Every structure is written in C-alpha cells, then in structure tokens.
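Using my numbering, you'd call the opening residue of the sequence shown number 54 and step up by one each time.
Just so it is clear, CB atoms sit at the ideal spot from N, CA and C, and this is done for glycine as well.
None of these values were measured; they are calculated from a predicted model.
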Amino acid sequence: MALALQAPQVPALLPVPSTVSWRDGRMPLDSTLTVAIVGHRDPRLERAVGRALRRLEARLVQPLPRAIGGEATAKLVVRVGNAGYAVPDLREDESYTLDVAGGRATLAATTVVGAIRGLETLLQLHEVRDGTHWLREATITDQPRFPWRGLLVDVGRHFHPPEVMRRILDGMASVKLNVLHWHLTEDQGFRVESRAFPKLHQLGSDGEFYTQDEIRALVAYAADRGIRVVPEFDMPGHTTAWFVGHPELASAPGPYAIERKWGVFKPTMDPTKESTWRLLDAFIGEMTTLFPDRSWHVGGDEVDPAQWNGSPTIQQWMAQRGLKDAHALQTAFNTRLFTLLAKHGRSPVGWDEILTPDLPREAVIQSWRGSNYLVDAAKQGRQAILSAPWYLDHIKTSGEMYLEDPLPAGHGLTPAQQALVLGGEACMWAEYVTAETVESRIFPRIGAIAERLWSPASVRDVPDLYRRLEVASRHMAEAGPTHEEHTARMVRRFASGEDAEFFTQLLDYARPRGFAGRGTNQLSPLTRVIDAARPDPWTEWRMVALAEAARSGDDEAGRMLMSQFGLMRAFPDMVRTMEGRHPLARDVIPVAGALGELGAIGEELLGHRMNGTSPSPARAAAIDSALTRLVGKTFGLLRPVGGEAVKRLR
Ligand code: ACM
C-alpha cells in the first residue's frame, strides 16, 4: 500500500488526548489480563469495566477473567476517587490519567465518568502486531476542552426506536460525547407517552412514541455511559402534533392533523390563555420525573407569527400589555415558561431566535442560524453552545466540519466571555433520515466534531484526522452503531448479483446531495440509492492523499490513483448496461456521467505529471472550466467523489 494511506504509526487515538507520551514498550494482551478496582467502586464503574473487557474479549477471541481482583497481581488497575454526580452533570470532572508501562496499565480518575472516558482510550491503545495482541505503552493525561459535547437526535420527524437510540448512545460514548439532546416533539410527531395528557402521544404519534418505561431505561443507559439527556419540547412553534389531541392549545381553531410535509408551519401555541399554562405546568411536572437533567430545551425556533397576528383576542391581549410584535410576545412566552421551569427545578436552553435583550439571563443559547449568535450571546453574558456548522443532515465532509470551532481564531471574546461558551452539538435532523439510515449519517463523521470539542484547539490536521477516523469508525461500530455495513445492507434490498456489485462500487465514488431537494414527505420510503450512499466515503481523502503523494514523486501512489481514475471513467458504460434493466439505474446515470468525465481528466493530468509534460494552455482552460462544472456539484441526488484529487493534479 502506498505510504500516504497507511494507518498511523502510533495507535489512532480519537479524540486526541491533552498529552500523550509514547513509550517504546508494548504490553502483551492475553487471557491473563486481570483487573482490579481500587478506591471508589460502584455498580456503574463495574459495568463500564465489564463492557470494556467484553470488547477486548471479542477482539482477542478469548475469554478474560471475569473476577475483579486485588491490586498486587492485576495487570489493569482502575483507581477512582468518587462516584461523581448521581445524575450526569455539566460540572462533572471527566479527567483521567492512563499509564501503560512495564506490562501493567493503570487508569486513574477522580470520578467514575473520568474512568469511563479513560477506558475508551485504553481500548484505542490496542494493536495487532507480529501475530499477537498488544497495548501500546504510553503515559496519557487527559481532560475535555469543553464540558458540553452533544448530539441532537430528532425523533419527531422520523421515529428512531429504543434499540437505535441505544446504539447511538454507545457510539457517542466511544468518542467521549456527553450530551444527548433529544428532540422529542415536532409538527410531524409527539414521541413521549404522557399519562397526564394521553391524547398528546395517542393522537400525535402514529403509535410511534417512547413509553415512560422506555424513556427511563434510555436515560439510565445514557447515565451509565456518562451521557446527560436533555429533552427538547420545542415551543411555541413546531407544535402541530400537540394540537391533534389538544387543539385548545393552538392560537387558531382546529381541527389539526399530524403534518406530513417538511418546512415551517403556522400552528403556534397560544400563550395568552391560562389553560395553556395549566397544561404546560402539569406536563412539565410529569416529564421531570422522566428526565432528571437540570437542562430543559424549550426550542423557540422558527415561530411563524401568522396565527398570533391573525387572532383578534391575542392582538388585544398584546396591546393591553404593550407588546408591540410577535417577537415581544415570544419573549413574554419564554419569560413565563422559564418561571415555570424554575418552579420545576429546570434551567432553559433554546435556539438562537429566543435571544432578545429582555430575555432572562439563565437561558443557554444554541446557535444554529450562524456562529455569530454564539458570540453575541457570550458578549451579553449568556452561556452558549455551537451547532450552526454541524448540521449532519447538510452532508458536509468530516474534514469540513472538523475545522469549525466554538472559539474560532479572532473571536474577540474576553476570557470571562469565553468561559460562557460551553461547547457544541452536532444536529441530526430527521427529514431525510429514517431509523434505517440515521446511524450512517451520524457515524463516523461525529468523530470529527467530538474531537473538536474534546481535544486541544491546536489539533487541526485534516489528513491525520482521516487516518485516525478510519480506525475510530471501526471502534464506534464495535461499540454499537451499524454504519460500517450501511451501504451493503441497503443495496441488498434493491439489487442483487452484478447490479449490487455495481451500485456498491459506485457508492465508493458518490455521496448524497446536501439538505433538501428530494420532494419527499414523512410517508415517503427513503430507500433509494442516495439513502444507501455514505456522507463521506473514505475514497475522497484516500484519493487526495494519493494525489499529494503522486505529486511528490511517489510512483506507487500514482499507479493506484491511475487505476481509480480508470474505474471512474468506466462508470458511464457500466450504468448504460443496466439502463432499462434496473429501475434505480436512473438514480445514478447523472453522477456516473460526471465521474466518467472526472476520471478521464484525472488520467490525462496524472499522465502529464508522470511524463513531465503539461496540457496546452487551451486544454488547461477547458479542464478548469470542466472542473468548475463537476467538482462538489450535484448530479441527480448524488455528488461525485474524486474531484478534489483531480484538482490537486492541475
Ligand atoms: C432549527 O434548525 N430550526 C433549530
């Protein structure tokens, strides 16, 4: 294999720890791996150690001793100071040190969660060499850069059942994420069982909701992995599904039906009726028994003022109180909602639209419309988290998302203001994902964001990220998520034999288009070729690495790249043989054409480089205009891969 593609010479730690000092030695891993827990010990810690050992057993294909023994003889010593918070908490100490030396590993942490983070690092030190298993010896000290490292999962638009949520939590834990932001209600679905107001889930969910027992179990599952669960009940907009069972909550008369389309809709809660507040008071009280986290997400995004502006009683209510517009009414709504949350011991988080000068100070602002809202919030003395660049549904590459930072160079914040920037969240909105595809859109790309939020700000090398992410992707999959087999599994449904081989091969060279543009709604099956595609196939970075190597004279890299260009050039002919035979050939005809052109240009440019020649000025100009037309552009529902590598050869 060309040098440019080789796995890292040292184990692929992701996220990169604060400090790592490698030793020369390696600790053998075999069935004599005995474990001791010294200091604080509790069932959560024992379960975490057990999970790590089960993963090692599977890699070693050998059982390991199940008994947790004494320190004197143990090869892995886990030393913990205390339990930490009973409910995972923003203030949790997640630091740990890991010392693997002289054939023994010592993991030390103040809290159980710190040990949980360190166990993931320990699993990443494993390597197979010389026919056997080892832990690479090193001394590591580590702690997160930001305390809020989250993932939003939208289950309102498409429902993801508990087993999918458990796999997502396992994958999150493997890259040290610590907040699940659970977007539970939307125009298209109300996903929580309410015993106080059963019409909410009975009429608002198509029967797809979490029972209270399932929620308790998932919250406990998350807590076991040191993950907070922040529920979002988006209001006053994005609330159609509430109104199917409770039309009296809305600002215009019903009846209402579950929304099937995507977009921003008019149904909005009526904040002027006391009955609205009585229901919210009882509902919040009920939900706090399920969601113990202090943070409560109020939503607050994309409020269409049409119903408020169109209601004479609401307009009169506003006039009596001197509220001049819908934004003022939303601030009044939030102010009262925050008081209610405080009564129930909860503290608000909201989307950046809620940020008005009069807004009470305690709200954490989640920036989604732009990073500037985060800076604005911090300048106003408010806490904030970043999401704007991290919408996973926009299908950006890991490399693109990786370089975004909650505190970018030149942010202009004082140290006190910087401390208000708590971190960030990736957002997995669910217009275009189902339970079947959601894991492939989150993993492995979330690893890039997890590293940004955990590792020192100076860790920013994109090629190195990709080399490590390829290894980390397998670790994420080992923990739970099914992303690694995604394409093969989905292609199998719509194709077999040679056709399946063709689609699978082509999907190494094609990625989904970005957000929207599909014309689907909630009832549309998402089982086309775009759904089987991966957001950031490894082919892209590997070809770029090969192109860079070929430029600096690596002939082996050049030959490998040339054969990839040859395959790309063949795609149009290959797809033509399927036309009229396979109904989904139409999904890939446009992108196959683009890949064919890119492959031909790649062969031409690489040929020039290898021969020490160059294209004529007229030909060079024609190539440039072709690349402008092809690279990063959408063809049908797909975008070609490989264009970045071709560009490096210009
Ligand atoms: C949002 O994307 N509407 C928060």
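Residue i beta carbon near the ligand ACM (any heavy atom closer than 7 Å)
i           : result
residue 223 : no
residue 404 : yes
residue 355 : yes
residue 421 : yes
Residues sharing a beta bridge with residue i, DSSP
i           : result
residue 350 : 285, 402
residue 121 : 88
residue 157 : 154
residue 72  : 194
residue 243 : 238
residue 80  : 188
residue 478 : 203
residue 303 : 322
residue 420 : 439
residue 485 : In the DSSP output, where bridge partners are listed per residue, residue 485 has none listed.
residue 149 : 162, 195
residue 131 : 90, 160
residue 27  : Absent from the structure is residue 27, since the part of the chain shown begins at 54 and ends at 703.
residue 232 : 203, 281
residue 263 : 245
Close Cβ partners of residue i (< 6 Å) along its chain, the five nearest in sequence each way excluded
i           : result
residue 652 : 618, 621, 622
residue 407 : 353, 387
residue 594 : 519
residue 383 : 356
residue 499 : 479
residue 418 : 405, 408, 430, 435, 437
residue 697 : 597
Contact set for residue i: own chain, Cβ-Cβ below 8 Å, skip 5 residues either direction
i           : result
residue 277 : 97, 100, 101
residue 432 : 466, 470
residue 95  : 136, 165
residue 647 : 683, 686, 688, 693
residue 217 : 488, 491, 492
residue 93  : 133, 134, 135, 136, 165
residue 122 : 87, 88, 89
residue 299 : 250, 252, 253, 332
residue 385 : 324, 374, 376
Beta-carbon contacts of residue i that lie in its chain and below 7 Å, excluding the five residues immediately before and after
i           : result
residue 150 : 161, 193, 194
residue 269 : 343
residue 116 : 84, 110
residue 285 : 234, 235, 236, 237, 350, 352
residue 574 : 313, 314, 315
residue 338 : 397
residue 126 : 87
Near the ligand ADP: residue i beta-carbon under 7 Å from a heavy atom
i           : result
residue 118 : Inclusion of the ligand ADP in the displayed structure is not the case, the ligand content consisting of the ligand ACM alone.
Residue-level contact to chain B via CB, residue i, 8 Å cutoff
i           : result
residue 119 : Protein chain content of the structure displayed is limited to a single chain, and chain B is not contained in it.
Uninterrupted alpha helix (DSSP H) stretches inside the segment 161-226 (no shorter than 4 residues):
165-177
Ignoring anything shorter than 4 residues or poking outside the segment 434-458, list the alpha helix (DSSP H) runs there in chain order.
451-455
Okay, do the segment 561-571 and the segment 686-702 touch, 3+ Cβ pairs below 8 Å being the bar?
yes
Are there three or more Cβ pairs, one per stretch, closer than 8 Å when the segment 289-304 is compared with the segment 350-367?
yes
Alpha helix (DSSP H) runs wholly inside the segment 370-399, at least 4 long, in chain order
379-396
At least three beta-carbon pairs within less than 8 Å, the segment 480-500 to the segment 193-207:
Yes: at least three Cβ pairs fall under 8 Å.
Would you mind listing the alpha helix (DSSP H) stretches within the segment 508-570 that are 4+ residues and don't spill past its ends, in chain order?
515-532, 539-547, 550-559
In the segment 657-685, which residue ranges form an unbroken alpha helix (DSSP H) of at least 4 residues, counting only runs that do not cross its ends?
670-683
Cβ contact check for the segment 629-645 and the segment 545-552: 3 or more pairs under 8 Å:
yes
Can you confirm whether the segment 234-254 touches the segment 491-506 when touching is taken to mean that 3 or more C-beta pairs between the two stretches lie within less than 8 Å?
no
Evaluate the contact criterion for the segment 554-563 versus the segment 240-251: three or more CB pairs, one atom per stretch, below 8 Å.
no
When you compare the segment 575-587 with the segment 652-666, are there three or more beta-carbon pairs, one atom per stretch, that lie closer than 8 Å?
no
So, does the segment 176-184 touch the segment 58-75, judging by three or more C-beta pairs under 8 Å?
yes
Extract the residue ranges of the beta strand (DSSP E) inside the segment 561-642, only unbroken runs of 3 or more that lie entirely within it.
563-565
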